[in-house]
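All residue numbers for the sequence shown refer to the numbering used here, where the first residue is 3 and numbers rise by one.
Note sheet for the following structure.
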Amino acid sequence: MGGVDLVVISAGTGHLNDGLDWDLENEAIKTNVTGFAVMANVAMKHFVKRGSGHLVGISSIAALRGGRQAPAYNASKAFESNYLEGLRQKVRKIRTANHNH
């Protein structure tokens, strides 16, 4: 990733899915959970190795509650928000440990 110091993840998919069609639910999960986590993980590992950088992940207000029209979308956005929070906590611990030496 060379000298990249900013990664913005602003992508996702979701469908109005009143019939709970699994293909539609699965597409949202694969894109918004797996795809998001892969991109965030690669970026964060790069920044940790580099010693600096910024990761911006854009989720959705849908992360706050389940939604009957697009259950996988809302759940996947909650995953994104929580994954970012976990990464932030991890980096804070690394940064604190590095500054104490």
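The C-beta atom is built at its ideal place from N, Cα and C for all residues, glycine as well.
Tell me the DSSP bridge mates of His56?
Residue pairing by DSSP places His56 opposite Leu8 in a beta bridge.
Report yes or no: do three or more beta-carbon pairs, one from the region 52-60 and one from the region 19-33, lie closer than 8 Å?
In short, these stretches do not touch, since the Cβ pair count stays below three.
In three-state DSSP terms, what is Asn34?
helix
Note down the Cα distance separating Gly37 from Ala77, rounded to an integer number of angstroms.
14 Å
Measure the CB-CB distance between Ala42 and Ala74 and report whether it falls below 8 Å.
no
For a test of the three-state rule: what should DSSP assign to Ser83, helix, strand or coil?
helix
Residues in the same chain with beta-carbon distance under 6 Å from Val10, minus the five sequence neighbours each way, listed in chain order, please.
Val58
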